[in-house]
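**Q** So the protein lines, in turn, are chains R and W. Just so you know, we're using our numbering here: the first sequence kicks off at 1 and counts up by one. Just so you know, we're using our numbering here: the second sequence kicks off at 360 and counts up by one. Using N, Cα and C, we set each Cβ at its ideal position, and we do this for glycine too. On a predicted model such as this, the values are computed, not experimentally measured, just so you know. Got a structure here, written out as structure tokens. Questions coming.
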Amino acid sequence: MTTSTAPSASGTTEVVLEADGLTKYFPVRERGRELLSRTTRSVRAVEDVTLRLHRGRVTALVGESGSGKSTVARLLAQLYPRTSGEIRLHGEPVDVKGGKRFRAYSKRVQMIFQDPFASLNPVHTVRYHLTRALKIHGNAGRTPQELEDALAALLTRVQLTPPERYVDKFPHELSGGQRQRVAIARALGADPEALLADEPVSMLDVSIRLGVLNLLRDLKERLHLAILYITHDIASARYFADETFVMYAGRVVEGGDSETVTQRPAHPYTQLLIDSAPDPDRPAVQEKDGGTGEPPSLIDPPEGCRFNPRCPHAMKVCAEKVPPRFAIGDGPGHFAACWLYGDDLSDDDKVQLRGVEVR
Amino acid sequence: MTDAVLEVRGLNVDYGLGDDAVHAVRDVDLTLHRGEVLGLAGESGSGKSTLAYGLTRLLPPPGVIAGGEVLYHPDGGDPVDVLRMTLPELRRFRWAETAIVFQGAMNSLNPVHRISTQLTDVIKAHDPRGSSAARLARARELLRLVGISADRLDSYPHQLSGGMRQRVMIGMALALEPKVVIMDEPTTALDVVVQRQILRQLVELRERLGFSVVFITHDLSLLVEFSDRIAIMYGGRIVEQADSADLYRDPLHPYSHGLLNSFPALRGPKRELTGIPGSPPDLRAMPAGCSFHPRCPRALERCGAEVPVLGNPAEKRDTAHVAVGRRSPTDRTVACWLHPVHHDGL
Chain R
1 MTTSTAPSAS GTTEVVLEAD GLTKYFPVRE RGRELLSRTT RSVRAVEDVT
51 LRLHRGRVTA LVGESGSGKS TVARLLAQLY PRTSGEIRLH GEPVDVKGGK
101 RFRAYSKRVQ MIFQDPFASL NPVHTVRYHL TRALKIHGNA GRTPQELEDA
151 LAALLTRVQL TPPERYVDKF PHELSGGQRQ RVAIARALGA DPEALLADEP
201 VSMLDVSIRL GVLNLLRDLK ERLHLAILYI THDIASARYF ADETFVMYAG
251 RVVEGGDSET VTQRPAHPYT QLLIDSAPDP DRPAVQEKDG GTGEPPSLID
301 PPEGCRFNPR CPHAMKVCAE KVPPRFAIGD GPGHFAACWL YGDDLSDDDK
351 VQLRGVEVR
Chain W
360 MTDAVLEVRG LNVDYGLGDD AVHAVRDVDL TLHRGEVLGL AGESGSGKST
410 LAYGLTRLLP PPGVIAGGEV LYHPDGGDPV DVLRMTLPEL RRFRWAETAI
460 VFQGAMNSLN PVHRISTQLT DVIKAHDPRG SSAARLARAR ELLRLVGISA
510 DRLDSYPHQL SGGMRQRVMI GMALALEPKV VIMDEPTTAL DVVVQRQILR
560 QLVELRERLG FSVVFITHDL SLLVEFSDRI AIMYGGRIVE QADSADLYRD
610 PLHPYSHGLL NSFPALRGPK RELTGIPGSP PDLRAMPAGC SFHPRCPRAL
660 ERCGAEVPVL GNPAEKRDTA HVAVGRRSPT DRTVACWLHP VHHDGL
């Protein structure tokens, strides 16, 4: 195992895993006449996603269902082959298709799935699940005692203490939160550098979600993990993540420091998302009616910015050209892929597509 | 108490019979007032859905109603006990008086029938005399009511998005202008943006048509925003009941407090949150006394021994914050030994 790039000076900003122009199209099954035509249709699930995971930091990827956020995680975990783009681990491009190289990769990049009820095998005990992870990734030690110690250490790390109370349990004997902790322990069994958590708490009861998030944060700090936190709940991204990226219809529309993105959202979609999130403190009067429409079909997405059919500020250029990332000057690394922040637009580009509707 | 439309008294629901029975809902007292949105919050297994099915008599076996009464007050009529209705009575009562929108309602539509067929079926079943043209007109009106253009009548469910299917379900529930609509996690499967659209519409419809809503969800932050009153369930019992604003500002039960502190805030200062330690109780092996005491940070010795009764907390009665035009503070109840119940000739 070689590490190509030297750790950067600060240590915490070292990039562990990065995606550059990541794109994934899923082919659509063709029927009838389509079979005869040349063009193949595909679902453009993820397009041109660029993001970096830093050592010891949590990066959140927020979006609605169908926005492609889980696909990004699976691409990063090398569970799907990508259509184009590049994934780099410590600056080294990686492209694995199963086999030994996949195993070597997955030792360093592990994934946690949404549903701990489905991700653990119901006929096996906690011991089996964890032992398997430890053995596959060569962390089981040489003697049975070393294995036992490693198991106990893993369970302690995810706060399932005392370990002997949990190690011989079956998944059905554990609560949802405990099961997710076992799934996290299993991921840690590989001793990874990066953890891809795909909605790790959305299946859990409200009162225990924070316990699991706090655990992940604690692990990040102690083990200096780079964590990708995928969620639909932007409030939890603010709470848990250092950096937040917002996805809409397969593209990253905004990103930056979590506090900046949630407090001063720049992209109209992020603003809509934040206005829609339940918030008891919301002043009841300021109900804006921005919430019309639904995400577009990804088989035939709109030209230009994919949010333009729903956007109250849409201009002519929005329906023609895909907006690049424009830096917003109010926070470190804060950017929005929105023409509103482009400065050299012609007057023709700026023609409003629709009057701002007030219903 | 005036102006109640649905009153639940001492409702008990078990799954199974005899000693093995699991007590999913225990001694629930609940009043739904005319025109209000009552939120019912709780975690999975707290009995909130069972309660809804119990009071509509839709419990699938092995669910059994072990006791209690559910009084429905029709407009200007004498109250009737839903639990004692005969089957024909029940058939007339359902949908016309109370309608229910199920969890995952997106999947409750029949995939092989058009929306129009499914909507007119409901109307036909309850009013077989009308003409089919009148029914179709009504179906069109219902779709318009929930914000779907009428040309969608001929669509099949798979041609609609999740949010639209959910709206169709709400429209269908309102087909016979019921007085009470029970919604069991109606927006859980939807995205936040769509969720907000639907809830806003629901609030609007309620103001226009004047029905009452029992809104069941695990998302307390949503309830605080959208409902008038909130009842919180834990381990099959209601542990606290209060005006939304009061509950949010000043939760009395430690569980309510913990639940409110489980939602990270989107605005304001960032705080370290802890959630609630431990796991929800297993209904098959309920702890003695207050079922929350093993997780409660403020548990007393008494909590492990005696079940606290739901009642008006004495301290709130004296320091009553009697807001003008609001219901009296006696409407606030809590079941916790930290807040001794005020007894007066009740």
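Locate the alpha helix (DSSP H) running through R/Y269, then write down its first and last residues.
**A** Taking the first sequence and counting its residues from 1, the one referred to as residue 269 of chain R is at position 269. Element bounds for R/Y269: P268 to S276.
**Q** Looking at the unbroken alpha helix (DSSP H) that takes in R/N214, where does it start and where does it end?
**A** What you label residue 214 of chain R is simply residue 214 of the first sequence in a count that begins at 1. Where R/N214 is concerned, the enclosing alpha helix (DSSP H) stretches over V206 to L223.
**Q** Three-state secondary structure (DSSP) at W/Y374?
**A** As a working mapping, residue 374 of chain W is identified with position 15 in the second sequence. Of the three classes helix, strand and coil, the one that applies to W/Y374 here is strand, per DSSP.
**Q** Use the C-beta contact count for R/D347: other C-beta atoms within 10 angstroms, 16 or more gives buried, fewer gives exposed.
**A** Numbered from its first residue, the first sequence carries residue 347 of chain R at position 347. Exposed.
**Q** Within a Cβ cutoff of 8 Å, which residues of the same chain sit near R/L345, ignoring the five residues on either side of it in sequence?
**A** As a working mapping, residue 345 of chain R is identified with position 345 in the first sequence. Same-chain partners within the cutoff: M315, V317 and W339.
**Q** Check whether the Cβ atoms of R/L61 and R/L17 lie closer than 8 Å to each other.
**A** Taking the first sequence and counting its residues from 1, one reaches residue 61 of chain R at position 61. Taking the first sequence and counting its residues from 1, one reaches residue 17 of chain R at position 17. No; because the gap between Cβ atoms is not below 8 Å, this pair is not in contact.
**Q** Suppose the cutoff is 8 Å on Cβ atoms and the five residues either side in sequence are ignored; what does the same chain contact list for R/K350 look like?
**A** As a working mapping, residue 350 of chain R is identified with position 350 in the first sequence. Once the five neighbours on either side are set aside, the close Cβ partners of R/K350 are M315, K316 and V317.
**Q** Grouping DSSP H, G and I as helix and E and B as strand, with all else coil, what is R/A185?
**A** As a first step, residue 185 of chain R is located in the first sequence; it is residue number 185 there, counting from the start. Of the three classes helix, strand and coil, the one that applies to R/A185 here is helix, per DSSP.
**Q** Examine chain W for any beta-carbon lying closer than 8 Å to the beta-carbon of R/A277, and answer yes or no.
**A** Indexing the first sequence from 1 puts residue 277 of chain R at position 277. It does; some Cβ of chain W falls within 8 Å.
**Q** Applying a beta-carbon distance threshold of less than 9 Å, which residues of chain W neighbour R/L210?
**A** As a position in the first sequence, residue 210 of chain R is number 210, starting the count at 1. Ordered by position in chain W, the residues that pass the 9 Å Cβ test against R/L210 are N620, S621, F622, P623, L632, T633, G634 and I635.
**Q** With three or more beta-carbon pairs closer than 8 Å as the criterion, would you say the stretch 135 to 144 of chain R touches the stretch 165 to 177 of chain R?
**A** no
**Q** Closer than 9 Å by beta-carbon distance: list the chain R residues that pair up with W/H577, in chain order.
**A** As a working mapping, residue 577 of chain W is identified with position 218 in the second sequence. Simply D205 and V206.
**Q** Three Cβ pairs or more, each shorter than 8 Å: is that satisfied between the stretch 21 to 29 of chain R and the stretch 78 to 89 of chain R?
**A** Result yes; three or more Cβ-Cβ pairs closer than 8 Å.
**Q** Specify whether the stretch 635 to 652 of chain W and the stretch 582 to 600 of chain W touch according to this definition: at least 3 beta carbon pairs, one from each stretch, less than 8 Å apart.
**A** yes
**Q** Can you tell me the Cα-Cα spacing of W/S475 and W/G463, whole angstroms?
**A** Translated into positions along the second sequence, residue 475 of chain W becomes position 116. Translated into positions along the second sequence, residue 463 of chain W becomes position 104. Roughly 20 Å between the two C-alpha positions.
**Q** Quick check: is the beta carbon of R/E64 nearer than 8 Å to any beta carbon in chain W?
**A** Mapped onto the first sequence, residue 64 of chain R falls at position 64. The beta-carbon of R/E64 is placed less than 8 Å from the nearest beta-carbon of chain W.
**Q** If you measure from the beta carbon of R/H54 to each beta carbon in chain W, is any gap under 8 Å?
**A** Position 54 of the first sequence, counting from 1, holds the residue named residue 54 of chain R. Taking Cβ atoms only, chain W never reaches closer than 8 Å to R/H54, which makes this a no.
**Q** In angstroms with no decimal places, state the Cα-to-Cα distance between R/G342 and R/F326.
**A** Working through the first sequence from its first residue, we reach residue 342 of chain R at position 342. Working through the first sequence from its first residue, we reach residue 326 of chain R at position 326. Distance between the alpha carbons of R/G342 and R/F326 is about 7 Å.
**Q** With a cut-off of 8 Å, does the C-beta of W/D440 fall near any C-beta of chain R?
**A** By 1-based counting over the second sequence, the position of residue 440 of chain W is 81. It does not: the Cβ of W/D440 has no partner Cβ on chain R nearer than 8 Å.
**Q** Mind checking if R/S236 is an interface residue toward chain W, Cβ cutoff 8 Å exclusive?
**A** For this step, residue 236 of chain R is matched to residue 236 along the first sequence. It does; some Cβ of chain W falls within 8 Å.
**Q** In the DSSP assignment, what residue or residues form a beta bridge with R/S42?
**A** The sequence position of residue 42 of chain R within the first sequence is 42, counting from 1. According to DSSP, which records beta bridges pairwise, R/S42 is partnered with R/P27.
**Q** Which residues share a DSSP beta bridge with R/M111?
**A** Mapped onto the first sequence, residue 111 of chain R falls at position 111. In the DSSP output, where bridge partners are listed per residue, R/M111 has R/L196.
**Q** Can you grab the Cα-Cα spacing for the pair W/C662 / R/H137, in whole Å?
**A** The residue you call residue 662 of chain W lines up with position 303 of the second sequence. The residue you call residue 137 of chain R lines up with position 137 of the first sequence. Between W/C662 and R/H137, the C-alpha separation is close to 48 Å.
**Q** Suppose the cutoff is 6 Å on Cβ atoms and the five residues either side in sequence are ignored; what does the same chain contact list for W/Y614 look like?
**A** Residue 614 of chain W sits at position 255 when you count from the first residue of the second sequence. Taken in chain order, the residues that qualify are Y593, V598 and F651.
**Q** Can you tell me whether W/L512 is buried or exposed, with buried defined as 16 or more other CB within 10 angstroms of its CB?
**A** Locating residue 512 of chain W in the second sequence gives position 153, counting from the first residue. Counting Cβ neighbours within 10 Å, W/L512 comes out buried, since at least 16 surround it.
**Q** Flag R/L120 as yes if its beta-carbon sits less than 8 Å from any beta-carbon of chain W, otherwise no.
**A** For the purposes of this step, residue 120 of chain R is identified with residue 120 of the first sequence, where counting begins at 1. So no, R/L120 is outside the interface.
**Q** Using a Cβ-Cβ cutoff of 7 Å, what residues of the stretch 516 to 542 of chain W are near chain R? List them in chain order.
**A** S520 and G522
**Q** For W/P613, would you say it is in contact with chain R, using Cβ-to-Cβ distances shorter than 8 Å as the test?
**A** To locate residue 613 of chain W, count along the second sequence from 1; it is residue 254. For W/P613, the answer is no, since every Cβ of chain R falls outside 8 Å of its Cβ.
**Q** At which residue ranges does the stretch 368 to 421 of chain W contain complete beta strand (DSSP E) runs of 3 or more residues, listed in the order of the chain?
**A** 381 to 392 and 396 to 400
**Q** Can you find at least 3 beta carbon pairs, one from the stretch 206 to 223 of chain R and one from the stretch 175 to 195 of chain R, that sit closer than 8 Å?
**A** A contact between stretches requires three or more CB pairs, one per stretch, nearer than 8 Å, and the stretch 206 to 223 of chain R meets this requirement with the stretch 175 to 195 of chain R.
**Q** For the candidate residues R/E199, R/Q78 and R/Y248, whose alpha-carbon lies nearest to that of R/L228?
**A** For the purposes of this step, residue 228 of chain R is identified with residue 228 of the first sequence, where counting begins at 1. Nearest of R/E199, R/Q78 and R/Y248 to R/L228, Cα basis: R/E199.
**Q** With DSSP as the reference, please indicate the residues paired to W/R503 in a beta bridge.
**A** By one-based count along the second sequence, residue 503 of chain W stands at place 144. Partner(s): none; W/R503 has no beta bridge.
**Q** Is W/D550 close to chain R? Criterion is C-beta to C-beta, closer than 8 Å.
**A** In the second sequence, the residue the question calls residue 550 of chain W occupies position 191. True, the Cβ-Cβ gap to chain R drops below 8 Å.
**Q** Output the boundary residues of the alpha helix (DSSP H) element that contains R/L89.
**A** Numbered from its first residue, the first sequence carries residue 89 of chain R at position 89. No alpha helix (DSSP H) contains R/L89, which is instead part of the beta strand (DSSP E) from S84 to L89.
**Q** Looking only at C-alpha atoms, which of W/L519, W/V505 and W/D388 sits nearest to W/H472?
**A** The residue labelled residue 472 of chain W in the question sits at position 113 within the second sequence. Looking at the Cα atoms, W/L519 is the closest of the given residues.
**Q** Using the C-alpha atoms, what's the distance from W/A484 back to W/R451?
**A** Stepping through the second sequence from its first residue, residue 451 of chain W is reached at position 92. Stepping through the second sequence from its first residue, residue 484 of chain W is reached at position 125. Each residue's alpha carbon lies about 10 Å from the other.
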